[in-house]
Amino acid sequence: PRPDANHDQEDDGVVLSIILEQHAKRSFILVLDGITFKELARAYLPIHIPLSFHG
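Position in the sequence shown counted from 1, then plus 138, gives you this note's numbering.
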């Protein structure tokens, strides 16, 4: 949870998604605002995560 979270809004938080840049053969974790879906951050990974990854 975020320390400044507004507990009145159900979607107040973040959405995490693993993105594969196929042409660059790298992956990153994309962090989106849970309400606006604006990008908050990217964290590039030292390896690429295959499309078959889920969980």
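Backbone N, C-alpha and C fix where the C-beta goes; we use that ideal spot for every residue, glycine too.
Values in this document were obtained by computation on a predicted structure and should not be read as measured data.
From Lys163 to Leu183, what does the alpha carbon distance come to, in whole angstroms? 11 Å
Along the chain, where does the beta strand (DSSP E) containing Ile156 start, and where does it finish? 152-159
The beta strand (DSSP E) enclosing Leu170, as first and last residue numbers: 164-171
Less than 7 Å between C-beta atoms, sequence neighbours within five positions excluded: which residues of the same chain meet that for His186? Leu158, Lys163, Arg164, Ser165
7 Å Cβ shell around Ala173 - same chain, five flanking residues per side excluded: In the sequence on display, residue 173 carries Ile and not Ala. So the list reads Gln147, Asp149, Asp150, once near-sequence residues are dropped.
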